[in-house]
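**Student:**
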Amino acid sequence: MAAWPSTSTLTDTQPGWKTWAVPANRPAHLVGWSDGGIVALLVALRQPELVRKLVVIGTNYHYNGTVPFDLDPQSPMAQELGKAYIERSPDGPEHLDVVFGKSVAMFTTEPTLTTTDIAQITQPVLVIVGDDDVVTLPHTLSLYEALPEGQLAVVPGASHGLPLEQPETVAGLISNFLAAAEPPRTFMPIRRAGQTNS
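Quick note on our numbering: the sequence shown kicks off at 239 and runs consecutively.
1) Is Val293 near Val277, with beta carbons less than 8 Å apart?
2) Would a C-beta distance cut-off of 8 Å place Leu283 and Asp370 closer than the cut-off?
3) Assess contact between the segment 390-407 and the segment 361-375, defined as three or more Cβ pairs (one per stretch) separated by less than 8 Å. Is contact present?
4) Taking DSSP's pairing of strands, which residues face Ile366 in a bridge?
5) Going residue by residue through the segment 275-361, where are the continuous beta strand (DSSP E) segments of at least 3 residues, counting only ones entirely within it?
6) Measure the CB-CB distance between Leu381 and Tyr299 and report whether it falls below 8 Å.
7) Can you name, in chain order, every residue of its own chain whose Cβ lies under 8 Å from the Cβ of Val408, other than the five neighbours on each side?
8) Alpha carbons only, please: which of Pro376, Leu416, Leu319 is nearest the one belonging to Ser341?
9) Classify Val372 as helix, strand or coil using the three-state DSSP reduction.
10) By DSSP, does Pro386 sit in helix, in strand, or in coil?
11) Please report the straight-line C-alpha distance between Pro405 and Gly388, rounded to a whole angstrom.
12) I'd like to know whether the C-beta atoms of Gly275 and Thr304 end up nearer to each other than 8 Å.
13) Excluding five sequence neighbours on each side, which residues of the same chain lie with their C-beta closer than 8 Å to the C-beta of Val281?
14) Counting C-beta neighbours from all protein chains within 10 Å, is the total for Lys291 16 or more, i.e. buried, or is it exposed?
15) Have a look at the DSSP bridge pairing and note the partners of Leu268.
16) Write down the C-beta distance between Thr347 and Tyr301 rounded to the nearest angstrom, noting that I regard them as a contact closer than 8 Å.
17) Under 8 Å Cβ to Cβ from Leu448, same chain only, skipping five residues before and after it: list those, please.
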């Protein structure tokens with residue numbers, strides 16, 4: 239087995255971006271939670287032809303968009319993520335600490351996108367966040383406001399573990415967004431004033 243690199247970065251995900259897009263031979267919907275949402279934003283920026291719509295859940299575009307936090311290894315969130323990793327990883331449970339350490343290091347240095355970068359994403363994007371997420375609400379609002387075709391859902395009574403806490407709510411939001419015409423038709427458009435449905 240090859241040795242793992244001593245560090246990991248979000249850029250390390252780039253070689254796999256076309257794996258799912260090439261067989262489909264058409265743009266795909268991307269749904270990402272937490273770091274998965276960051277990867278979705280990066281794909282939309284660097285290879286926009288691969289993306290039709292985006293859903294990002296509990297996602298920050300800059301590392302300063304989160305509150306300082308210490309994930310207790312015994313917390314329900316850490317336990318759930320650890321269990322999921324062990325079930326799927328070919329490297330065994332002993333490798334979990336290595337991955338956890340790399341992830342924590344990455345949280346303090348990445349991503350480093352700006353609202354100017356985010357404004358280049360022209361696809362429709364649904365931003366979902368819990369009202370008690372580690373990604374701050376002001377940061378989430380700045381993400382939404384920078385997106386030309388952004389929509390925002392703040393889910394009450396939810397944390398960064400929103401997809402695990404309220405899976406039906408999240409599934410409903412995603413399904414409705416992906417199925418809907420864009421831009422959405424509202425009675426009193428403010429941000430969307432002047433937009434027309436295609």
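All residues carry an ideal CB built from backbone N, CA and C; glycine is no exception. Computed from a predicted structure; not experimentally measured.
**Tutor:** Judging by the given coordinates:
1) For the purposes of this step, residue 293 is taken as the residue at position 55 of the sequence shown. For the purposes of this step, residue 277 is taken as the residue at position 39 of the sequence shown. No.
2) As a first step, residue 283 is located in the sequence shown; it is residue number 45 there, counting from the start. As a first step, residue 370 is located in the sequence shown; it is residue number 132 there, counting from the start. Contact flag unset, no.
3) yes
4) On the sequence shown, residue 366 is found 128 positions in, with the first residue counted as 1. Note: Ile366 sits in a beta bridge opposite Ile295, Ala391.
5) 289-295
6) For the purposes of this step, residue 381 is identified with residue 143 of the sequence shown, where counting begins at 1. For the purposes of this step, residue 299 is identified with residue 61 of the sequence shown, where counting begins at 1. Yes.
7) The residue labelled residue 408 in the question sits at position 170 within the sequence shown. Answer for Val408: Ile295, Ile366, Val393, Leu400, Pro401, listed in chain order.
8) Translated into the one-based positions of the sequence shown, residue 341 becomes position 103. For Ser341, the nearest C-alpha among the options comes from Leu319.
9) Residue 372 sits at position 134 when you count from the first residue of the sequence shown. In this structure, Val372 counts as coil in the three-state DSSP scheme.
10) Counting from one through the sequence shown, the residue named residue 386 turns up at place 148. Pro386 falls in the coil class under three-state DSSP.
11) Counting from one through the sequence shown, the residue named residue 405 turns up at place 167. Counting from one through the sequence shown, the residue named residue 388 turns up at place 150. Between Pro405 and Gly388, the C-alpha separation is close to 22 Å.
12) As a first step, residue 275 must be located in the sequence shown, where it is residue number 37. As a first step, residue 304 must be located in the sequence shown, where it is residue number 66. For Gly275 and Thr304, no; Cβs fall outside 8 Å.
13) Here residue 281 refers to the residue found at position 43 when the sequence shown is read from its first residue. These residues qualify, in order along the chain: Trp255, Leu268, Leu288, Val289.
14) Taking the first residue of the sequence shown as 1, we reach residue 291 at position 53. The residue in question, Lys291, is buried, as its Cβ has 16 or more Cβ neighbours within 10 Å.
15) Numbered from its first residue, the sequence shown carries residue 268 at position 30. Beta-bridge pairing links Leu268 to Leu292.
16) Counted from its first residue, the sequence shown places residue 347 at position 109. Counted from its first residue, the sequence shown places residue 301 at position 63. Contact flag correct, Cβ pair sits at about 6 Å.
17) Since the first residue of the chain shown is 239 and the last is 436, residue 448 is not available in this structure.
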